[in-house]
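Asks:
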Amino acid sequence: AQKVTQAQTEISVVEKEDVTLDCVYETRDTTYYLFWYKQPPSGELVFLIRRNSFDEQNEISGRYSWNFQKSTSSFNFTITASQVVDSAVYFCAAIGGGSEKLVFGKGTKLTVNP
Amino acid sequence: ETGVTQTPRHLVMGMTNKKSLKCEQHLGHNAMYWYKQSAKKPLELMFVYNFKEQTENNSVPSRFSPECPNSSHLFLHLHTLQPEDSALYLCASSQGGLAGETQYFGPGTRLLVL
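Those protein sequence lines, which keep their order, are chains H and A.
First residue of the first sequence? That's 1 in my numbering, and the numbers climb one at a time after it.
First residue of the second sequence? That's 115 in my numbering, and the numbers climb one at a time after it.
Next up, the structure:
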């Protein structure tokens with residue numbers, strides 16, 4: 001079974017600041033997958049990224065970047081030059097290779113102030 | 115319509131009522147999921163259907179009854195609910211049959227039980 005910990009409950013930044021959201025996972029599976037989702041106030045979970053356990057290459061997509069470190073069991077998410085529209089709850093999630101159960105962290109509420 | 119849709123978006127019901135939540139996916143997927151999101155609790159997986167067969171029931175009380183008539187539609191039938199069942203109910207879908215698939219979520223139904 002997987003366990004996902006997002007230690008930061010809430011983060012508040014001023015627009016244009018960089019912000020990193022932490023995610024630590026626990027698993028006994030050798031094959032697993034990690035995800036980040038964004039949940040704006042409207043409620044819908046928006047998929048951001050999926051990584052498998054064999055691909056530790058960091059990824060950048062526009063202002064978003066992800067740092068996957070197997071040695072520390074972390075999959076952190078950085079938003080560069082944050083914007084007000086980035087305000088949302090962000091969830092990290094994990095699933096084992098043979099499982100159907102996507103396990104979510106408790107989420108980090110990000111508020112970007114103008 | 116694109117993606118995953120859910121109706122109704124909001125629902126208020128008494129404890130003796132019977133209602134149904136509907137989810138429809140337009141992604142050609144074969145797996146569908148129900149999740150419950152309560153305040154201050156992680157997202158909880160309720161049910162999984164793969165190719166119309168229920169493959170996961172995460173110890174959900176019998177007052178919640180899922181139905182999957184085909185790969186595109188998923189229902190959650192509600193009867194004699196309790197106030198603690200008030201939550202955001204999210205539907206998701208994924209391709210089906212592959213490890214660590216990305217799940218795509220609908221906007222959710224916000225349920226209030228009085």
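Cβ atoms here follow ideal geometry from the backbone N, Cα and C, with glycine treated the same way.
Given the structure is predicted, the values throughout are model-derived calculations rather than measurements.
(1) Residues of chain A with CB closer than 9 angstroms to the CB of residue 62 (chain H), please, in chain order.
(2) Would you mind telling me which residues of chain H sit closer than 8 angstroms to residue 219 (chain A), beta carbon to beta carbon, in chain order?
(3) Taking Cβ positions, are residue 24 (chain H) and residue 74 (chain H) nearer each other than 8 angstroms?
(4) Where does residue 60 (chain H) land, buried or exposed, given buried means 16+ other C-beta within 10 angstroms?
(5) Can a CB atom of chain A be found closer than 8 angstroms to the CB of residue 31 (chain H)?
(6) Going straight from the alpha carbon of residue 96 (chain H) to that of residue 179 (chain A), what length do you get?
(7) Hey, does residue 21 (chain H) have any beta-carbon neighbour from chain A nearer than 8 angstroms?
(8) Give me the residue from H:9, H:14 and H:32 with the minimum Cα distance to residue 212 (chain A).
(9) Can you tell me which of the three DSSP states residue 197 (chain A) falls into?
(10) Can you list, in chain order, the residues of the stretch 139 to 165 of chain A whose Cβ is nearer than 7 angstroms to any Cβ on chain H?
(11) What are the start and end residues of each continuous beta strand (DSSP E) run of 3 or more residues lying completely inside the stretch 30 to 63 of chain H, in chain order?
(12) Does the distance from the C-beta atom of residue 156 (chain A) to that of residue 77 (chain H) stay below 8 angstroms?
Replies: Let's see:
(1) For the purposes of this step, residue 62 (chain H) is identified with residue 62 of the first sequence, where counting begins at 1. Going along chain A, no residue has its Cβ under 9 angstroms from residue 62 (chain H), so there is no contact; the nearest lies around 19 angstroms.
(2) Within the second sequence, numbered from 1, the residue matching residue 219 (chain A) stands at position 105. 37, 44, 45, 46 and 47, listed in chain order.
(3) Within the first sequence, the letter at position 24 stands for residue 24 (chain H). Within the first sequence, the letter at position 74 stands for residue 74 (chain H). Against a cut-off of 8 angstroms, the Cβ pair of residue 74 (chain H) and residue 24 (chain H) comes out as a contact.
(4) Translated into the one-based positions of the first sequence, residue 60 (chain H) becomes position 60. Exposed: under 16 other Cβ atoms inside 10 Å.
(5) Numbered from 1 along the first sequence, position 31 holds the residue referred to as residue 31 (chain H). It does; some Cβ of chain A falls within 8 angstroms.
(6) Counted from its first residue, the first sequence places residue 96 (chain H) at position 96. Counted from its first residue, the second sequence places residue 179 (chain A) at position 65. Between the C-alpha atoms of residue 96 (chain H) and residue 179 (chain A) there is a straight-line separation of about 27 angstroms.
(7) By one-based count along the first sequence, residue 21 (chain H) stands at place 21. No, no contact with chain A.
(8) Locating residue 212 (chain A) in the second sequence gives position 98, counting from the first residue. When only C-alpha atoms are compared, the closest one is H:32.
(9) Here residue 197 (chain A) refers to the residue found at position 83 of the second sequence. Of the three classes helix, strand and coil, the one that applies to residue 197 (chain A) here is helix, per DSSP.
(10) Those would be 156, 157, 159 and 162, in chain order.
(11) You should have 32 to 39, 46 to 52 and 59 to 61.
(12) Mapped onto the second sequence, residue 156 (chain A) falls at position 42. Mapped onto the first sequence, residue 77 (chain H) falls at position 77. If you check the CB distance, residue 156 (chain A) and residue 77 (chain H) do not come in under 8 angstroms.
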